Structures are given as structure tokens and as C-alpha cells.
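**Q** Counting with UniProt numbering, you get residues 1 to 154 for the letters of the sequence shown. The beta-carbon is built from N, C-alpha and C at its ideal position, and this holds for glycine as well. Remember, predicted model here, so these are calculated numbers, not experimental data. One structure is given below, represented as C-alpha cells, and several questions about it will come after.
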Amino acid sequence: MKRKITVIIKKNKNSQFSKEKIIKVSRGYAFNYLLPNNKGEIATKKKIKHIEMFNKIKQKKQEIDDVRINEIREKIKEIEKISLYKKIGENNFIFGSITDKEIKSWIENNTKIESEKLQIKLPEIKKIGLTEIEVQFKQNIIETIKLNILPINI
Numbered sequence: 001m002k003r004k005i006t007v008i009i010k011k012n013k014n015s016q017f018s019k020e021k022i023i024k025v026s027r028g029y030a031f032n033y034l035l036p037n038n039k040g041e042i043a044t045k046k047k048i049k050h051i052e053m054f055n056k057i058k059q060k061k062q063e064i065d066d067v068r069i070n071e072i073r074e075k076i077k078e079i080e081k082i083s084l085y086k087k088i089g090e091n092n093f094i095f096g097s098i099t100d101k102e103i104k105s106w107i108e109n110n111t112k113i114e115s116e117k118l119q120i121k122l123p124e125i126k127k128i129g130l131t132e133i134e135v136q137f138k139q140n141i142i143e144t145i146k147l148n149i150l151p152i153n154i
């Protein structure tokens with residue numbers, strides 16, 4: 001009769017588990033491989049309770065982050081269009097270039113969003129006019145905003 005025991009798999013760079021995980025394995029696998037190689041430890045009630053507590057804390061933090069991300073997303077959706085003024089030369093070409101720092105400072109001043117969390121993907125802009133830029137926060141959340149470059153020396 002096979003008897004399974006509960007083991008806590010430790011997080012490891014090479015492991016398929018990204019965090020400590022509680023699993024049931026056969027006794028031989030646990031005592032011959034996991035425990036001697038420090039890849040796991042026998043689960044006790046206290047250790048299981050401790051891991052569950054940390055998982056609840058991580059889940060609450062994730063929920064708070066999701067709420068903050070939704071607030072930031074709503075503020076960025078309200079922007080619609082950013083207007084920047086630049087000096088121009090012949091044929092409406094811009095002197096210098098538009099940087100993400102300028103756009104981040106505009107967003108920070110007008111919406112009170114922390115700009116360190118934002119990544120802005122800018123195409124190369126050489127002429128005045130309307131272009132679209134992508135503002136990315138977190139990994140999968142991307143919003144597009146219109147960027148209007150206006151001449152300063154008319």
C-alpha cells in the first residue's frame with residue numbers, strides 16, 4: 001500500500017514552482033530525493049499555516065495593486081490628448097526631439113500619477129502635428145494617447 005506524505009517544496013531557481021508549494025508525494029521520493037537535496041521539507045501544521053498566511057498576504061497585495069492599476073488606467077483614459085510646444089525650423093521640422101521625460105512630466109503635473117511606473121513608447125518624431133504614443137504600466141496594460149506637437153515660434 002502506497003502512502004503519500006505532505007511536503008513543502010522550497011522555491012528554487014531551477015524549480016517549476018515560483019513559490020513554496022504544498023504537495024503530496026510518495027515517501028520514497030520525499031526521503032530519497034527531496035529531503036536530502038534540500039528541495040523540500042516535511043510539512044507540519046505550523047509550516048502549512050505559515051505558508052497559507054503568506055499566500056493570503058500576497059493575494060491582498062495583488063488585489064490592492066489591481067485597484068491602483070485600474071485607477072491609473074482611468075486617469076490615463078481621461079487624458080485623450082497631450083499638447084507640447086517645440087521650436088521649429090524650415091518645413092515644420094522640430095529642433096531637437098520629443099523625449100519620454102517631457103511626456104512623463106506633463107502626465108505627472110496634470111494627473112498626479114507617479115511617472116516612475118510608466119513606460120512610454122515613442123516613435124521618432126521630427127515634424128509638428130498629431131501622433132499616437134503608447135503608455136505602458138505593469139506588463140500587459142497598454143493605453144494609447146494622442147500627442148499633439150505645436151510650434152512655439154509662429
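Relative to the C-alpha of Leu35, which candidate in Val7, Thr44, Lys46 and Ile22 has its C-alpha closest?
**A** The shortest Cα separation from Leu35 among Val7, Thr44, Lys46 and Ile22 belongs to Val7.
**Q** If we call anything under 8 angstroms between Cβ atoms a contact, is Asn148 one with Lys87?
**A** no
**Q** Please classify Ile64 as buried or exposed, where buried requires at least 16 other C-beta atoms within 10 Å of its C-beta.
**A** exposed
**Q** Rounded to whole angstroms, how far is the Cβ of Lys4 from the Cβ of Ser26, which I believe are closer than 8 angstroms?
**A** 6 angstroms
**Q** Given the structure, does Asn32 come close to the ligand HEM, in the sense that its CB is under 7 angstroms from one of the ligand's heavy atoms?
**A** The ligand HEM is not among the ligands present in this structure, which contains no ligands whatsoever.
**Q** Would you decide whether Lys11 is buried or exposed? Buried here means 16 or more other CB atoms lie within 10 Å of its CB.
**A** Residue burial annotation: Lys11 is exposed, with fewer than 16 other C-beta atoms found within 10 angstroms of its C-beta.
**Q** Out of Ser83, Asn70 and Thr99, which one is the CA nearest neighbour of Lys138?
**A** Asn70
**Q** Just to confirm my understanding: we take Phe95, look at its own chain, exclude 5 residues before and 5 after, and list those with CB closer than 8 angstroms. What are they?
**A** Lys86, Lys87, Ile88 and Gly89
**Q** Which term fits Ile98, buried or exposed, when burial requires 16 or more other beta carbons within 10 angstroms of its beta carbon?
**A** buried
**Q** In chain order, what residues of the same chain lie with their CB nearer than 7 angstroms to the CB of Ile141, ignoring the 5 residues before and after it?
**A** Ile69 and Arg73
**Q** Determine the direct distance from the alpha carbon of Leu84 to that of Pro151, and round the result to whole angstroms.
**A** 9 angstroms
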